[in-house]
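Numbering (UniProt numbering), first residue to last: 1 to 263. A quick write-up on the structure given underneath.
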């Protein structure tokens, strides 16, 4: 059984917002160690890139998982491997771009839609062993790497692209009916969320799916599938089946306006 630690706001935040499945999956010792590491790394990262509010840090740096992946420790491994080089960049955005290029190269992981042993929501260790991952698996890896060095990051996604587009996604076969897609958002020094494709080195907010995302349709009482969302650790009013595994549920916040306003 987990015990509350009223003097530890970070630990209690995780405990209060963990799903029932996570409570059974993550041991108390593992959770305590992860929280302590996150706090240690926060002090280091804020010394380089400036302070992050408690609210943002607890929601988008502290959580032990990114989405629905099976839990395996990741924070220490990524931090020890990438902190020294990432912290040389005085701009957090440049550090993210460094991670987006280096992590997948170092771990020899690349995108593949289907392959033996494929799971759409692989954790970083599973992806490393298989050397391939879906867009969701790649995004989980990049979010983990960013969070390990103290940069707020989250998984963004659409349950289904709007079809009938001539955008680049059609050329790659990624706009079939009900075809979901996942990517990464990071909070940078300007106080705004910016997006980038995992394992797709590019500038922020300029990806192959930018035009496609601009065609997204805000959710309504009739449909939610063509909008854009960011995964939330803390439960929200908007809970949906995970597009990559409809047997699992995720809490999300709708972020579609930032994408459609670029149209």
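Quick reminder that beta carbons are idealized off the backbone N, C-alpha and C, glycines included.
| Asked | Found |
| --- | --- |
| Nearest-angstrom Cα distance between residue 192 and residue 153? | 11 angstroms |
| By Cβ distance, which residues of its chain are closer than 8 angstroms to residue 132, with the 5 residues on each side in sequence left out? | 109, 110, 111, 112, 115, 118 |
| Would you call the CB atoms of residue 67 and residue 151 closer than 9 angstroms? | no |
| So residue 105 is in the alpha helix (DSSP H); what residue range does that whole segment cover? | 92 to 107 |
| Hey, is the segment 252 to 262 in contact with the segment 220 to 230, meaning 3+ C-beta pairs nearer than 8 angstroms? | yes |
| Using beta-carbon positions only, say whether residue 65 and residue 238 come within less than 9 angstroms of one another. | no |
| Can you list, in chain order, the residues of its chain whose CB lies under 6 angstroms from that of residue 38, leaving out five sequence neighbours each side? | 62 |
| Identify the continuous beta strand (DSSP E) that holds residue 131 and give its terminal residues. | Looking at the DSSP string, residue 131 is not in any beta strand (DSSP E), and its letter there is neither H nor E. |
| Residue range of the alpha helix (DSSP H) that residue 259 falls in? | 256 to 260 |
| Straight-line CA distance for residue 216 to residue 261? | 10 angstroms |
| Distance, Cα to Cα, residue 43 vs residue 129? | 32 angstroms |
| According to the neighbour-count rule (16 or more other Cβ atoms, all chains shown, within 10 Å of its Cβ), is residue 75 buried or exposed? | buried |
| Quick check: what's the CA-CA separation for residue 72 versus residue 243? | 22 angstroms |
| Could you say if the segment 97 to 108 and the segment 138 to 149 meet the contact criterion of at least three C-beta pairs nearer than 8 angstroms? | yes |
| Is the separation between the beta-carbon of residue 100 and that of residue 21 shorter than 9 angstroms? | no |
| Within 10 angstroms of the Cβ of residue 158, are there 16 or more other Cβ atoms? Answer buried if so, exposed if not. | buried |
| With burial defined as no fewer than 16 other Cβ atoms inside 10 Å of the residue's Cβ, what is the status of residue 9: buried or exposed? | exposed |
| Please report how far the alpha carbon of residue 275 lies from the alpha carbon of residue 28, in whole angstroms. | Residue coverage of the chain in this structure runs from 1 to 263, which leaves residue 275 outside it and unanswerable. |
| Go ahead and label residue 16 buried or exposed: buried means 16 or more other beta carbons lie within 10 angstroms of its beta carbon, across all protein chains shown. | exposed |
| For the segment 206 to 241, which segments carrying the beta strand (DSSP E) assignment without a break, of at least 3 residues, lie completely within its bounds, in sequence order? | 229 to 232 |
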